[in-house]
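Accompanying notes for the structure given below.
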Amino acid sequence: MTSAGALPGGWPGRPVWAEVDLDAVAHNVRLLAARAAPARLFAVVKANGYGHGAVAVGRAALEAGAAGLCVICVDEGEELRRAGVGGPILVLGHSPPCEAERVVELGLTATVASREVARALSRAAAARGVEVGVHLEMETGLHRHGLPLEPLLALAEEARRLPGLRVEGLYTHFAAAEEGDQTFTRMQHDRLLEAAARLPWIPVRHCSASASLLVSPDMSHELVRAGLAVYGYHPSPDTASVELRRVMTLKSRLARVIEVQPGGTVGYGRTWTARRRSVVGLVMCGYADGLPRSLSSRASLLVRGRRAPVAGRIAMDMCMVDLTDVPGAAAGDEVVIIGEQGGALVDADELAALAGTISWEILAGVTARVPRIYLRGGRAVAATTLAERVPVPLDGRP
Ligand SMILES: *Cc1c(COP(=O)(O)O)cnc(C)c1O
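All residue numbers for the sequence shown refer to the numbering used here, where the first residue is 82 and numbers rise by one.
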């Protein structure tokens, strides 16, 4: 049980916290890196490491064999660098020319989709007498930031000649890699290879995220950008044979247990009515913590290894659960919102299906005010809070 080594009683403040199992990160990274080899694995830690904590997950991923990290913007790269995270950090989003100086100062690798950005980076790098690595993104079917073939070739040749710029990579991003039918993905892949054949001097080609790494390893080429799978989730049921370990357990404690008489209503809007003498528990996790309001009266949380249905509307800071069929439930009992308890499981896939979304959104939706407790060997080794975003070692704390 991962909780065994966490802080006794859970987080001492408001009782909602996420336990992030760094051994599971390491397990997943090792497994994915082996699958990607000889391609290098870059762990995607954008959006605060899909809600898990970018710094702690980034460090753990690099230690376990990831060759680099991916973020979406310069700010995310800065958070990592300030915390002392080394290694290559590729910014997948497109940074405007005014960010060029920061990219160079922070030693980030930039995605470049325009001459203006290429020139700004070149100036910033040359002024410091350093080189900045850049990757070019090709449009192959997603229609976001990438460049179609001809403008891409033109930009590549210009960037190649600019001082201070090192064109390291050429990549694209798939539109429908999670789908069983890989026809469109194959077409996108072919387009990338067509461009790569005309730019043979660019050493690194990449297109795979978690889904393609797991279903089409032949698309890995020199680099793979894996996000979701690092956190132990499968992008599609087709890949379930690979044994990933879920990294996050979102927990709380019953703050209060009360009786509700038949006809009594629970929560805003009075959407839940007791049909019998009911026992209802108050849980300090609401939609501002990451439990979507659309799960009101739909999701179940785990208490004493049983499923306790959410009773009525999820509020911003708390929700209620029906404990009538959970014998013995009492204030202080641990509640699992995402994860396992006593053999029962509620995972982000289940919550996503109920909420009409995807696991990515459920995980990335766990907000900054939820403390993260980082576990190694089942023991809490560090924590982050809203006020302390850089992991603080827990040694010496009560
Ligand atoms: C987020 C992202 C990824 C990671 O995708 P997963 O499906 O989570 O593995 C890879 N590449 C790009 C460009 C991304 O934006």
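Glycine residues also receive a C-beta, built at the ideal position from the N, C-alpha and C atoms.
In this model, L325 and R457 are separated by some 17 Å (Cα to Cα). Residue burial is scored here from C-beta neighbours: L112 has at least 16 other C-beta atoms within 10 angstroms and is therefore classed as buried. Cα atoms of H287 and A468: separation of roughly 37 Å, rounded to the nearest angstrom. At least 8 Å separates the beta-carbon of L309 from that of V285. A distance criterion of 7 Å places the beta-carbon of L309 in contact range of ligand 1, judged by its closest non-hydrogen atom.
A check of alpha carbon separations from P298 across R327, L280, R267 identifies R267 as the nearest. A buried status is given to D403, since no fewer than 16 other beta-carbon atoms sit within 10 Å of its beta-carbon. Straight-line measurement puts the Cα of A181 at about 6 Å from the Cα of A205.
Boundaries of the beta strand (DSSP E) around E100: 97 to 102. Look at the beta carbons and you see the stretch 143 to 161 not touching the stretch 333 to 341: under three pairs across the two are nearer than 8 Å.
Leaving aside the five residues that flank A105 on each side, the residues in its chain whose CB is nearer than 7 Å to its CB run, in chain order, G313, R326, R327, V328. Using a Cβ distance threshold of 8 Å, P390 and S381 count as a contacting pair.
Residue side-chain check: L325 keeps its Cβ at 7 Å or more from all non-hydrogen atoms of ligand 1. Boundaries of the beta strand (DSSP E) around L173: 170 to 175.
Judged by DSSP in its simplified three-state form, D430 adopts helix. Under a 10 Å Cβ-count criterion, P281 is classified as exposed, with fewer than 16 other Cβ atoms of the shown protein chains found around its own Cβ. Distances taken from the Cβ of S291 to the heavy atoms of ligand 1 include one shorter than 7 Å. Taking a C-beta distance under 8 Å as the contact criterion, A191 and V166 do not qualify as a contact pair. Relative to ligand 1, P316 has its C-beta within less than 7 Å of a heavy atom.
In this structure Y131 is buried. Its beta-carbon is surrounded by 16 or more other beta-carbon atoms within 10 angstroms.
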